[in-house]
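See structure below.
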Amino acid sequence: MSSNPRRRRFPLAGPAAATAAALSLTVCGLAAQPVAAAPAETLSVDLAQSTGDFRGGATGTLYGLGDDGVPSQAVLNGVRITNTSQKPPQGAQHPNGDALDVERSFFAAGGKDLYVYIQDEYPDWAYNGGKRPGDANNDGEWDYLPIVRSVAEKIATQSEHPGNYIFIPFNEPDAGNWYPNWQAQKDQFLADWSAAYQAIGDVYAAHGLPKPKIGGPGDAWWHQDRSADFLAYAKGRNELPDVFIWHELGTNNLGTFRGHFAEYKQILRDQGIPDIPVNITEYGMLRDMGVPGQLVQWMSMFEDQKVDAQTAYWNYAGNLSDNSSRNNGGNGGWWMFKWYGDLAGSKTAKVTPPQLNVPDTLQGIAAVDPAKKKATVLLGGGSSDVNVSVGGIDKAVFGNSVDVQVRANRLNGAEGASLQPPVVVSAHAKVKDGKVSVTVPNSDRYSAYQLEITPALADPQPVAGDLVNSTEAENTNLTDATVYNQDPSREWSFMASAGRDVGSFNKASSAAAWEVTVPRTGTYRLSILAGANQRPGQHALLVDGTFNQLIKYSAGLSWTYRGTTDATVSLTAGTHTLSLRASKDGGTILPGADITLDRFDLRDITDGEKAAYPATDARLAGGAQLSYAKPGTSGSADLSGQASATFFASTAETGYYDVTAHFTTSGASALKLAVNGRPVALPAAARSGTWDSTVRVFLPQGINELTVSAPSGALVGSVSTLRGADQKNADSDAANVFRSEAEALPRAGAAAVQTAGAGSNGSADASGVVRDVGYIGNGAGNTLTVPRPAGFGAGEYQLVLAAANADKSAAINYNPQVISRFVDVTEDGGSTVRGAMRHNYAWNSYWDKTIPLSLATGDGALVLGNATAYAPNIDTVVLARFVAGTPTTVRR
Numbered sequence: 008m009s010s011n012p013r014r015r016r017f018p019l020a021g022p023a024a025a026t027a028a029a030l031s032l033t034v035c036g037l038a039a040q041p042v043a044a045a046p047a048e049t050l051s052v053d054l055a056q057s058t059g060d061f062r063g064g065a066t067g068t069l070y071g072l073g074d075d076g077v078p079s080q081a082v083l084n085g086v087r088i089t090n091t092s093q094k095p096p097q098g099a100q101h102p103n104g105d106a107l108d109v110e111r112s113f114f115a116a117g118g119k120d121l122y123v124y125i126q127d128e129y130p131d132w133a134y135n136g137g138k139r140p141g142d143a144n145n146d147g148e149w150d151y152l153p154i155v156r157s158v159a160e161k162i163a164t165q166s167e168h169p170g171n172y173i174f175i176p177f178n179e180p181d182a183g184n185w186y187p188n189w190q191a192q193k194d195q196f197l198a199d200w201s202a203a204y205q206a207i208g209d210v211y212a213a214h215g216l217p218k219p220k221i222g223g224p225g226d227a228w229w230h231q232d233r234s235a236d237f238l239a240y241a242k243g244r245n246e247l248p249d250v251f252i253w254h255e256l257g258t259n260n261l262g263t264f265r266g267h268f269a270e271y272k273q274i275l276r277d278q279g280i281p282d283i284p285v286n287i288t289e290y291g292m293l294r295d296m297g298v299p300g301q302l303v304q305w306m307s308m309f310e311d312q313k314v315d316a317q318t319a320y321w322n323y324a325g326n327l328s329d330n331s332s333r334n335n336g337g338n339g340g341w342w343m344f345k346w347y348g349d350l351a352g353s354k355t356a357k358v359t360p361p362q363l364n365v366p367d368t369l370q371g372i373a374a375v376d377p378a379k380k381k382a383t384v385l386l387g388g389g390s391s392d393v394n395v396s397v398g399g400i401d402k403a404v405f406g407n408s409v410d411v412q413v414r415a416n417r418l419n420g421a422e423g424a425s426l427q428p429p430v431v432v433s434a435h436a437k438v439k440d441g442k443v444s445v446t447v448p449n450s451d452r453y454s455a456y457q458l459e460i461t462p463a464l465a466d467p468q469p470v471a472g473d474l475v476n477s478t479e480a481e482n483t484n485l486t487d488a489t490v491y492n493q494d495p496s497r498e499w500s501f502m503a504s505a506g507r508d509v510g511s512f513n514k515a516s517s518a519a520a521w522e523v524t525v526p527r528t529g530t531y532r533l534s535i536l537a538g539a540n541q542r543p544g545q546h547a548l549l550v551d552g553t554f555n556q557l558i559k560y561s562a563g564l565s566w567t568y569r570g571t572t573d574a575t576v577s578l579t580a581g582t583h584t585l586s587l588r589a590s591k592d593g594g595t596i597l598p599g600a601d602i603t604l605d606r607f608d609l610r611d612i613t614d615g616e617k618a619a620y621p622a623t624d625a626r627l628a629g630g631a632q633l634s635y636a637k638p639g640t641s642g643s644a645d646l647s648g649q650a651s652a653t654f655f656a657s658t659a660e661t662g663y664y665d666v667t668a669h670f671t672t673s674g675a676s677a678l679k680l681a682v683n684g685r686p687v688a689l690p691a692a693a694r695s696g697t698w699d700s701t702v703r704v705f706l707p708q709g710i711n712e713l714t715v716s717a718p719s720g721a722l723v724g725s726v727s728t729l730r731g732a733d734q735k736n737a738d739s740d741a742a743n744v745f746r747s748e749a750e751a752l753p754r755a756g757a758a759a760v761q762t763a764g765a766g767s768n769g770s771a772d773a774s775g776v777v778r779d780v781g782y783i784g785n786g787a788g789n790t791l792t793v794p795r796p797a798g799f800g801a802g803e804y805q806l807v808l809a810a811a812n813a814d815k816s817a818a819i820n821y822n823p824q825v826i827s828r829f830v831d832v833t834e835d836g837g838s839t840v841r842g843a844m845r846h847n848y849a850w851n852s853y854w855d856k857t858i859p860l861s862l863a864t865g866d867g868a869l870v871l872g873n874a875t876a877y878a879p880n881i882d883t884v885v886l887a888r889f890v891a892g893t894p895t896t897v898r899r
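If you read the sequence shown in the numbering used here, its first letter stands for residue 8, the second for the next number, and so on.
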């Protein structure tokens, strides 16, 4: 973990419009909101200058995983994390983050190296009061060694993957943890390294396991002298670490890391030591987490030097260091992680930014995958338009002309539900002298961009047009509210969109009003980026001065730990005034109205929430290849046999979506579809042609993993999702979905109905009061039962619980000691499935938790409980058929 900030000190562009035209290529766009123009910066890329194999280790995390199922498997699979650090089994430092508890999900997601902070066996920070333990038992042995052996023993005997663990005996020994004075304590530290190193090795040897991997020294920052002394000693004792570890946390390290790494490599050369890989097991500050334009700067630096690195742990375990949201969601940081992970299998290429080793400036990563005929540039961190000059384009791979696509990924808060980043540039370009030049529209240092170059595509993605208005809260007409600057130099602060937000929204007269102009009469989704401090809250939304609806915000960690809250609004074509007010009637302040407001986005969803995921962005496996052989199918995934293409789709809300696979066949063929690992049958295409296979599936809000295969062969161009009025009607069809307030269901034992506190964002019963059922679990008899509705026989279902979990353990150090809660769902006469519920800040704030069920009986009731610990409090229960209606395959 990282030190207490009080103790340590360290020396949009929102989605934009662009033309899709055949150019030479300079493509410019218009920002969603006018900003002062700034001179464009140039980022130069030379694809012909390879910098090596893509490593992909810069999205490691410290305590990014909390429990099995926290984060969800789809969220974890999407980010492709190769390394993480966690606490020892039953370690007392935190109530979750146990290495053995998370190893199943970590390795299932393709994880490679699971690090263990052995000292996190201690409950306090700094460890053991900051003092090296002695021999309190007077048994002639250093008191830390039994801890070291115990941790190694548990992993050696209980893990399914003991060879993939890396033990870290010392964490930040230079920063208040036992050995801060190198001159006086060097000999002690080196002797202790030997003792711990040997103890771990002895345990593995006793169990017939290969030599364990050990990482160190683990310093809080780079020390040339300590590192040189340590390596010389370890070489002489044949006790060199398998991974060399230190931390790079402060903003200044964006400018100093490359120098530190060069010094490290020189030490190895000077001492004749073969290369030892590096893991920077903590990097970045609060202000960097969840912020795409900040993260890309760190990732580009670490990938450039081919080292692994882990985001620091400033809050709590289980949300990828503030880079995922809620139970199953992705924020802007998640999409940055995913984009980076998507480069696996490629070769990186030389990137020249305007300034190297200067914090908070434009930086980038470039990669080319000749097999996929695809080049990618990830960039961000600047505050003006970016001229991306891409050279070294091999005509033998890409041809004489290319398609260029740019997506924009904005800051959206730690708990923000980010959908697929929108396309802001889509164009066709001729390659001249191996070069194209692309102007990426940008005025937001917190945004990052994904630029892709491919041969000409059959179906290039259009520029997104659904965002009709994006307004910063500080730019609205404010009454009795205060604009606050969120200065990025404050490293311990969370960043706000455009650097400012609106707070002190705590009077009955507090209001924010702004104008929007919409192109047509229809349905719009208002997404509010806001922060609620440890409690849910409410605002009144008015349209043209008339009350429209209550906005109910979920609780958050703090006023600046932001998330998104959505509302659906019907508007007529033209200009309207929207306003958020702290009072509905102008006199009585709404409960929890003191909300921090950051940004308002209005999207046109009249034709439904649509998203298309092209094959060029899919993760291919089993021999799948992208095919550019024919103009009509160029850019499709060529699938046959065991080959597959996996797409990560993001949904705005829980409910039914039409999932469609668009494909072409040369004969009769059928696709196979797996949704979050569950197979869904699709009808076959009877003959050659171009087809759409569609199935209506009940999806959880957030990230969904869609895997397509075609054993008999097919060219799959894309997968799309749609949620509109027809799909929402399916949610309301009693033949598909059973809904109930939890308090209306049978209870047993101590399970009890509770009234939620004022301002709850839960579901009110007929009397207008929000009630839930608590005290479920902590004993086998304390249960809530969901009777099986008539007609809901054996088959595949989704159980959705609107649930609250604000459980925490005692504050033993500065991290919020949050606890995951689990609910066991037992089918009477069938099996039991466990669902994990992440901490969500308040007992009267409810998030959806979707649990997949395969029911075996015709009418067995579903019993919700937990024999050993409390389950979350439950507000509502939904049981939905996984698939509604009959899937279709139709010719296009």
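Glycine included, C-beta positions come from ideal geometry on N, C-alpha and C. Because the structure is a prediction, the values reported are computed rather than measured.
query: Member of 855, 442, 384 and 567 whose CA lies at the smallest distance from the CA of residue 491; result: 567
query: Contact belief for residue 442 with residue 411 at Cβ below 8 Å, rounded distance in angstroms; result: That belief does not hold up - the Cβ atoms of residue 442 and residue 411 are roughly 12 Å apart, past 8 Å.
query: Classification of residue 802 by the beta-carbon crowding that lies within 10 angstroms, buried from 16 upward; result: exposed
query: As assigned by DSSP and simplified to three states, the class of residue 446; result: strand
query: Supposed close pair residue 515, residue 542 - CB separation, criterion 8 Å; result: Actually they are not in contact, since the Cβ atoms of residue 515 and residue 542 sit about 18 Å apart, beyond 8 Å.
query: Neighbour-count burial assignment, residue 148, 16 or more Cβ in a 10 Å radius; result: exposed
query: Reference residue 401, options 53, 755 and 766, closest by Cα; result: 53
query: Simplified DSSP assignment, three categories, for residue 28; result: Residue placement at residue 28 is poorly supported in this model, since its pLDDT is 32, which falls under 50; the coordinates still yield a value, given next. Coil at residue 28, not helix or strand.
query: According to DSSP, residues forming a beta bridge with residue 748; result: 883
query: Identity of the residues DSSP links to residue 244 by a beta bridge; result: According to DSSP, residue 244 bridges with nothing at all.
query: Neighbourhood of residue 613 by C-beta distance below 6 Å, restricted to the same chain and skipping five residues each side; result: 529 and 530
query: CB contact flag (residue 928, residue 450, <8 Å); result: Limits of the chain in this structure are 8 at one end and 899 at the other, which puts residue 928 out of reach.
query: Closest Cα partner of residue 236 within the set 877, 194, 783 and 206; result: 194
query: Reference residue 794; option with closest CA among 865, 435 and 664; result: 865
query: Exposed unless 16 or more other CB atoms sit within 10 angstroms - verdict on residue 637; result: exposed
query: Range covered by the beta strand (DSSP E) that runs through residue 100; result: Neither: residue 100 is in no beta strand (DSSP E) and is coded neither H nor E.
query: Pair within 8 Å by beta-carbon distance, residue 671 and residue 714; result: no
query: Pairwise C-alpha distance: residue 700 and residue 854; result: 32 Å
query: Rounded straight-line distance, which links the Cα of residue 604 to that of residue 305; result: 28 Å
query: Cβ contact (3+ pairs, closer than 8 Å) linking the segment 183-197 and the segment 156-168; result: no
query: Through-space distance from residue 869 to residue 894, alpha-carbon basis; result: 27 Å
query: Cβ neighbours of residue 745 in the same chain (closer than 6 Å, five flanking residues each side left out); result: 796 and 886
query: Residue interval of the alpha helix (DSSP H) (run including residue 903); result: As shown, the chain starts at 8 and ends at 899. That puts residue 903 outside it, with no answer to give.
query: Segment limits, alpha helix (DSSP H) that includes residue 189; result: 189-213
query: Reference residue 251, options 287, 383, 218 and 92, closest by Cα; result: 287
query: CB contact flag (residue 504, residue 522, <8 Å); result: no
query: Residue 537 to residue 61 span [Cα, whole Å]; result: 37 Å
query: Exposure of residue 554, with buried meaning 16 or more beta-carbon neighbours within 10 Å; result: exposed
query: Helix, strand or coil at residue 11 according to DSSP, with G and I counted as helix; result: Bear in mind that the predicted position of residue 11 carries a pLDDT of just 35, short of 50, making it too unreliable to give a figure here.
query: Endpoints, beta strand (DSSP E) assigned at residue 700; result: 696-706
query: Residue range of the unbroken alpha helix (DSSP H) whose run includes residue 304; result: 299-312
query: Nearest neighbour of residue 806, chosen from 817, 780, 842 and 785 [CA to CA]; result: 842
query: Distance between beta carbons of residue 162 and residue 151, contact taken as under 8 Å; result: Contact doesn't hold; Cβ gap of about 17 Å is too wide.
query: Segments assigned beta strand (DSSP E), at least 3 residues, entirely inside the segment 409-481; result: 430-437, 443-447, 455-462 and 474-479
query: Pick from 826, 340, 891 and 879 that is closest to residue 73, judged by C-alpha positions; result: 826
query: Assigned secondary structure, residue 142 (DSSP; H/G/I helix, E/B strand, else coil); result: coil
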